[in-house]
Amino acid sequence: EALIHLGFRVLRGRMSVRAMWRNNVESSQALFEAAQRQDIQRMVHVSSAAVYGNGENLPESAKLAPIPDFQYGNHKAILEQWLAQHHPRVVCLRPHAILGQHAQPLLRFLLRQPCYLRQPDPQPLLQCVDERDVVEAIRLCLNNDVQGAFNLAGPETFSFRTLVRSRHSGAVGIAPWLGRVVLQSAWRLGGVGGEPGWMEGLAQSLTLDCRRAHG
43 EALIHLGFRV LRGRMSVRAM WRNNVESSQA LFEAAQRQDI QRMVHVSSAA
93 VYGNGENLPE SAKLAPIPDF QYGNHKAILE QWLAQHHPRV VCLRPHAILG
143 QHAQPLLRFL LRQPCYLRQP DPQPLLQCVD ERDVVEAIRL CLNNDVQGAF
193 NLAGPETFSF RTLVRSRHSG AVGIAPWLGR VVLQSAWRLG GVGGEPGWME
243 GLAQSLTLDC RRAHG
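Terminal number for the sequence shown in the working numbering: 257, no gaps in between.
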């Protein structure tokens with residue numbers, strides 16, 4: 043009766059760009075095409091706030107401009123644009139960073155570290171959303187006649203520095219260039235994490251206007 047699409051590769055690791063494209067974009071397109079052939083009426087795609095790249099208080103009508111070197115965000119944006127053209131009744135949820143018991147392991151790793159990227163003031167602002175609220179949003183989409191995109195985030199905004207300091211009182215700031223070296227080395231030598239472009243998201247504000255979802 044319904045399709046809830048969550049399967050997506052977030053961090054590329056050692057996977058080739060082509061393989062990640064096949065996994066995220068081509069396989070997703072095939073899935074939605076198959077669902078349409080089966081006449082499934084309710085379809086929800088869990089996308090991401092990463093489709094916006096950066097900006098403050100962005101509504102769903104804002105331009106999709108993901109960070110160029112962040113494959114995950116680019117694939118989400120491309121798939122959304124394809125869905126809008128071929129399957130306009132699909133609901134696209136755009137959650138900010140999802141936190142909770144099943145949060146992405148890299149997010150949990152970053153929050154455990156007693157350090158943060160040193161950025162000039164004013165600090166870039168972020169948001170997050172509880173995984174239980176994302177589940178509730180999916181449930182509401184399945185039980186109501188809605189379509190289009192919905193931003194999902196809690197009302198509070200915060201900087202990554204503030205978040206880390208709230209968990210580690212003695213947290214220290216490290217230079218962004220050093221953070222990029224560490225991330226790039228871990229990625230290239232061990233296949234850990236994602237492309238270095240992923241870190242650019244921590245250097246820019248990304249906050250969402252979620253009034254459409256609240257309505």
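Ideal placement from N, C-alpha and C gives every residue a C-beta, glycine not left out.
Item: Kindly list the residues whose CB is nearer than 8 Å to the CB of residue 144, restricted to its own chain and excluding five residues on each side of it in sequence; keep chain order.; Value: 173
Item: Leaving out five residues before and five after residue 158 in sequence, what residues of the same chain have Cβ atoms less than 7 Å from its Cβ?; Value: 202, 203, 206, 213, 215
Item: With distances taken from CA atoms, which of 135, 88, 249, 196 is nearest residue 167?; Value: 249
Item: Taking residue 72 and residue 45 to be in contact with their CB atoms under 8 Å, please state how far apart those CB atoms are, rounded to whole angstroms.; Value: Rounded, the Cβ-Cβ distance is 12 Å, inconsistent with contact.
Item: Determine contact between the stretch 93-102 and the stretch 55-71, defined as no fewer than three beta-carbon pairs at a distance below 8 Å.; Value: no
Item: By a C-beta neighbour count over all protein chains shown, 10 Å radius and 16 as the cutoff for buried, is residue 179 buried or exposed?; Value: buried
Item: Which class does residue 249 belong to by DSSP, given the choice of helix, strand or coil?; Value: strand
Item: Residue 120 lies in the alpha helix (DSSP H); which residues open and close that run?; Value: 113-128
Item: Note down, in chain order, each residue of its chain lying with its Cβ closer than 6 Å to the Cβ of residue 70, except the 5 sequence neighbours on either side.; Value: 121
Item: Does the stretch 132-144 touch the stretch 189-201, meaning 3 or more C-beta pairs lie closer than 8 Å?; Value: yes
Item: Check residue 92 in the structure and name its three-state DSSP category.; Value: helix
Item: Residue 94: which of 81, 199, 253, 243 sits nearest, CA to CA?; Value: 243
Item: What does the alpha-carbon distance come out to for the pair residue 106 and residue 117?; Value: 11 Å
Item: May I ask you to list the residues that DSSP assigns as paired with residue 136?; Value: 193
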